[in-house]
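J.: So in UniProt numbering, spot 157 of the sequence shown is number 157, and the numbers just go up one at a time.
Every residue gets a Cβ at the ideal spot worked out from N, C-alpha and C, and that includes glycine.
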Amino acid sequence: MCRTQKLQNTFFHKTDFIQALRNTGVYTLTVLIFSLLLAILLALWLEKDNWINRFLQKSMFTPYLISMVSCAYIWSWMYDSDSGVFNALLNALKLSPLRWLNDSDMAIFCVAAVAVWKSLGYYLIIVLASIKTVPRDILEAAELDRTPPLRKFIKITLPMISPQLFFLLITITISSFKVFDVVRVMTNGGPGNSTDVLVTYIYRYAFQMNAKVGYASAAGTVLLIIMMILTYLYFKVLNKRIYYQ
């Protein structure tokens, strides 16, 4: 009981830890939703085998080969409020420039967009490969029955590719919860603590806040427990809904 109370007093009553936990959750949900949604939509769009689609697939996969640190520096320049590409486009369209990484409400989503852009090609290839394994005769039978495309996707394609989507769900969640490099390079947790995530929080206490290694280790243990609980819930809730051929 004393240990539980001490843990609560140590972490869950500290506003900066709660902020880091909240930011990690927002970042993870943003990356997870947009990565899966865009990967599925692009895979359906690029399903046909022709040279244009093959070129687009390779182009989208290219960012995955670049290190995250390099991507973060490139996008930091693009987000720059004074000389960035995005504000230059807004000025050309006679629109007001945005503060991007300097806006405490927008910064976490700007950082998440970089993670989505970098890994989208990898997720696309996995989803596209899984769609190509769906038996053609089943799809052709659905077309003969004049099944609407959306219903055909929900009732046939989606269950068939559910194992691959389940794999992506777990890997994206884990990689997002342990994000560090892109946040460290682009915002270093700022402005304020608006982009401070759990791993940057742990890093700051371990190496910058008078080297509170014990506290940082305890925070790392909390992060590990959270990821274990999420993974367990994924398997407990979703595994029965996965269609294994």
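Using only CA atoms, which one of Gln164, Gly189, Leu198 and Ser162 lies nearest to Tyr176?
T.: Counted from its first residue, the sequence shown places residue 176 at position 176. Here residue 176 is Ser; the residue named in the question, Tyr, does not match the sequence. Nearest option by C-alpha distance: Leu198.
J.: Rounded to the nearest angstrom, how far is the Cβ of Thr173 from that of Leu230, given a contact under 8 Å?
T.: Working through the sequence shown from its first residue, we reach residue 173 at position 173. Working through the sequence shown from its first residue, we reach residue 230 at position 230. Their Cβ separation, rounded to whole angstroms, is 6 Å, which keeps Thr173 and Leu230 in contact under 8 Å.
J.: Looking at the secondary structure, which residues open and close the alpha helix (DSSP H) in which Met60 lies?
T.: Translated into positions along the sequence shown, residue 60 becomes position 60. Residues Trp51 to Phe61.
J.: Look at the alpha carbon of Glu140 and the alpha carbon of Tyr122, and state the distance between them as a whole number of angstroms.
T.: Counting from one through the sequence shown, the residue named residue 140 turns up at place 140. Counting from one through the sequence shown, the residue named residue 122 turns up at place 122. Looking at the two C-alpha atoms, the distance is approximately 28 Å.
J.: Skipping 5 residues on each side, what residues in its chain have a beta carbon closer than 8 Å to that of Asp16?
T.: As a first step, residue 16 is located in the sequence shown; it is residue number 16 there, counting from the start. Asn193, Asp196 and Tyr201, listed in sequence order.
J.: Whole angstroms are fine: how far does the CA of Leu46 sit from the CA of Ile125?
T.: Along the sequence shown, read from residue 1 onward, the residue named residue 125 stands at position 125. Along the sequence shown, read from residue 1 onward, the residue named residue 46 stands at position 46. Near 10 Å, if we compare the C-alpha coordinates of Leu46 and Ile125.
J.: Pull up the distance between the alpha-carbon of Leu65 and that of Leu36, whole angstroms please.
T.: Position 65 of the sequence shown holds residue 65. Position 36 of the sequence shown holds residue 36. Approximately 19 Å, taken between the alpha carbons.
J.: State whether the segment 159-168 contacts the segment 230-242, with contact taken as three or more CB pairs (one from each stretch) at a distance under 8 Å.
T.: Judged by Cβ distances under 8 Å, the segment 159-168 makes contact with the segment 230-242, as three or more pairs qualify.
J.: What are the start and end residues of the alpha helix (DSSP H) that includes Lys212?
T.: Residue 212 sits at position 212 when you count from the first residue of the sequence shown. From DSSP, Lys212 is part of no alpha helix (DSSP H); its letter is neither H nor E.
J.: DSSP state of Ser83, grouped into three classes?
T.: In the sequence shown, residue 83 corresponds to position 83, counting from 1. Ser83 falls in the coil class under three-state DSSP.
J.: Please state whether DSSP places Val237 in a helix, a strand or coil.
T.: Residue numbering aside, residue 237 sits at position 237 when the sequence shown is read from its first letter. Val237: helix per DSSP, three-state reduction.
J.: Residues in its own chain within less than 6 Å of Lys212 by CB, not counting five upstream and five downstream?
T.: Here residue 212 corresponds to residue number 212 of the sequence shown, with the count starting at 1. If we look at Lys212 and ignore the five residues flanking it on each side, its Cβ neighbours are Tyr205.
J.: Near Pro159, which residues of its chain fall below 8 Å by C-beta distance, leaving aside the five closest residues on each side in sequence?
T.: In the sequence shown, residue 159 corresponds to position 159, counting from 1. Only Tyr243 meet the Cβ criterion.
J.: Thr28 to Cys71, Cα distance in whole Å?
T.: Counted from its first residue, the sequence shown places residue 28 at position 28. Counted from its first residue, the sequence shown places residue 71 at position 71. Cα to Cα, the separation comes out at about 18 Å.
J.: Should Asn87 go down as buried or exposed, given a rule of 16 or more other Cβ atoms within 10 Å for buried?
T.: The sequence position of residue 87 within the sequence shown is 87, counting from 1. By the neighbour-count rule (16 or more Cβ atoms within 10 Å), Asn87 is buried.
J.: Answer with buried or exposed for Ile108, where buried requires no fewer than 16 other C-beta atoms within 10 angstroms of its C-beta.
T.: Working through the sequence shown from its first residue, we reach residue 108 at position 108. Buried, by the Cβ-count rule.
J.: Who are the near neighbours of Thr30 in its chain, counting only those whose CB is closer than 7 Å to its CB and skipping five residues on each side?
T.: Start at 1 with the first residue of the sequence shown, and residue 30 comes out as number 30. Answer for Thr30: Phe109 and Ala112, listed in chain order.
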